[in-house]
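Quick notes on the structure that follows.
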Amino acid sequence: MKESLVIQANNLSKKYRLGTIGMTSLREDLSRWWTRSKNGIPKHGFDQAGIDPTRMINDHEFWALHDLNFEITRGEVVGLIGANGSGKSTLLKILSRITEPSEGKVKVKGKVASLLEVGTGFHPELTGRENVFVNGAILGMTRREVDKKFDEIVDFAGVADFIDTPIKRYSSGMTVRLGFAVAAHLEPDILIVDEVLAVGDLRFQNRCINQMKSIAESGKTVLFVSHQMATVENLCKSAFLLNMGQIIYSGKTSDVIKKYREDMEESANLPISQRMIREGSGKCKLSGIEFRNDQNKVVDSLISGKSATIKLFFDIYEEITAPMSLSLGISNSTHVRIAHLCMKTFGKWILPTSQKSFQVNLSLSKLELNQGKYYVTSFLDDESGQIIDWVTDAFVINVLQSDFYGTGMVPPTSQSIFLMDHSFSF
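For the sequence shown, my numbering gives the first residue as 179, with consecutive numbering after it.
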């Protein structure tokens, strides 16, 4: 491998075995990695729901990654882009040395620190302080070296008051903040960060982005995964686009994002029932959408400022035994997330049913979006957090202009996405 390279992959492939227990989590892969030396590489259980037939090897196995070839040089900040199920997380697990490829080779030069899921690398029974030192030891650092970084880590994470509290008592936000602080400050040669940063608040996300830029400027390498294209474009100079386990496009970040948006636009035009790129157990799937205007008539577009109802239809394929919750993420035309609607916020759940289908009605008393095209991601999970059906950009809402404020004037479309009822007085 050339001196300037830190990662080199040749014909890299990863296959998984189909089963009935759903997709393996990172936590399960970590457990297998821990016991591999004793028991050999175990079988992986995957559910066949949602797997594109072209990825099937036989009746029992499919390609999560297939024939990847790429190189990453020292100091690069590389974005990994792709829909759910495209292979991003599997690739990060391999590069993090958590799981091994089934075929091909990958060479990784230097110490790797990764933040892939909330709590990754932390023992829940140990305190924050103890976990910092454990992670340092895993990266090959001495206690003295970790000591020098300790105050900086705690200050960055903002958990000074809880540093001697067991991690299991931390909120998800606190865990992510400490996890990133540890990964970023213990001087890794390669830093790998997945979508997990979305758990943190906006201020912390911005601090993380600045920290990753600093790491790259110091000659280290950063791999970053996010569905927030604006963040990827801001941070990364180059990117890979993954689709169905393969890198289908790579190059300048802006060019890769453009290609991704074109592909997602094409996918969003397919009927939801025909969408193959989705994640989850497949017990229940979003199968259709219906828009109704303020006159309760079925329409193709909604009008800004008017009331509306969006009906979401689901088909049930296996018995549902636990309450489920629906979340909808709304993004603008550049795929920047602008709103998140969640049933859990209202304490409402979809209760188990013996029916073969059901529908959920989303009522909007006044559509406060400006004219434009908005992409909606649908996420259905149960009370334990198991993903049932996750479809990125499941459908598009077309919003038309109107006299939103009742002034006889149409609001400009270039000034804002949201419209707010307001008035001025003197």
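Glycine is no exception: its CB is placed at the ideal position from the N, C-alpha and C atoms. Please read all numbers here as calculations on a predicted model, not as lab measurements.
Residue i - DSSP class collapsed to helix/strand/coil
i    : result
Y553 : strand
H301 : coil
C414 : coil
R515 : strand
M442 : helix
L419 : strand
M521 : helix
I272 : helix
N262 : coil
D237 : coil
D367 : coil
E457 : strand
I595 : coil
Q383 : helix
P436 : In the sequence on display, residue 436 carries Lys and not Pro. K436 falls in the helix class under three-state DSSP.
N548 : coil
S503 : strand
E249 : strand
T487 : strand
N189 : strand
S543 : coil
T570 : strand
K534 : coil
S509 : strand
K475 : coil
Supposed close pair residue i, residue j - CB separation, criterion 8 Å
i    : j    : result
G263 : R456 : 7 Å
L317 : A291 : 6 Å
D372 : L270 : 6 Å
S503 : I528 : 7 Å
I494 : K534 : 5 Å
G357 : G299 : 7 Å
P530 : I498 : 5 Å
S541 : L519 : At roughly 11 Å, the Cβ-Cβ gap does not stay under 8 Å, so S541 and L519 are not in contact.
Sub-8 Å separation of residue i and residue j beta-carbons
i    : j    : result
L413 : K391 : yes
V403 : L183 : no
I565 : D559 : yes
I481 : L547 : no
L490 : Q537 : yes
P344 : T305 : yes
R322 : A335 : no
A486 : F573 : no
K192 : L243 : yes
Y552 : S601 : no
G429 : S416 : yes
S511 : G483 : no
T409 : I387 : yes
G253 : I368 : no
Q593 : V514 : no
P589 : F596 : no
Residue i: CB within 7 Å of a non-hydrogen atom of the ligand MN
i    : result
G483 : Among the components modelled here there is no ligand, and therefore nothing to report on the ligand MN.
Which listed residue (the options) has its alpha carbon closest to that of residue i
i    : options                   : result
F418 : T431, S535 and E303       : T431
I488 : V310, I494, Y495 and D478 : D478
N421 : Y438, K415, E411 and M407 : Y438
L401 : K436, N384 and A362       : A362
H301 : V312, S541 and E181       : V312
S543 : T353, Q473, G397 and E443 : Q473
W568 : R275, G458, W241 and K415 : G458
Y427 : W241, H238 and N247       : N247
I516 : G507, F524, P530 and K522 : G507
R307 : L294, P279 and A338       : A338
G610 : C462, G253 and T268       : Past the boundaries of the shown model lies residue 610; the chain is included only from 179 to 604, so the question cannot be answered.
G563 : L519, S603 and A500       : A500
D342 : V514, L369 and N309       : N309
R470 : R385, V577 and T277       : V577
I450 : F492, K475, T251 and D441 : F492
E411 : R381, V255 and S505       : V255
M179 : T251, D245 and Y194       : T251
L190 : H238, E181, T277 and N236 : T277
Problem set entry | 3-residue-minimum beta strand (DSSP E) runs that sit fully inside the segment 272-358, ordered along the chain | 281-286 and 290-293
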